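In the numbering used here, the protein residues as written are 820 to 879.
Every residue, glycine too, gets a C-beta built ideally from N, C-alpha and C.
Since the model is a prediction, treat every value here as computed from it, not as a measurement.
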């Protein structure tokens, strides 16, 4: 599913950025461009980051 229409970033692209260490929406924007233009997707970016953190904590 597309998360950021401005750059065409998908949830998979954002999840890969998070897996490589991006932990804020600004870091995701720097890594793949998602959230860098209009910012409408930043809420979704933060949700993806939070879900990844939750998975990490439950796996530990």
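- With a cutoff of 8 angstroms on beta-carbon distance, residue 865 and residue 844 are scored as near each other.
- Cβ-Cβ distances below 7 angstroms link residue 862 to nothing in the same chain once the five nearest sequence neighbours on each side are left out.
- The beta carbon of residue 821 is closer than 6 angstroms to those of 829 in its chain, skipping five residues each way along the sequence.
- Distance between residue 838 and residue 860, taken at the CA atoms: about 19 angstroms.
- For residue 822, the secondary structure class from DSSP, reduced to helix, strand or coil, is strand.
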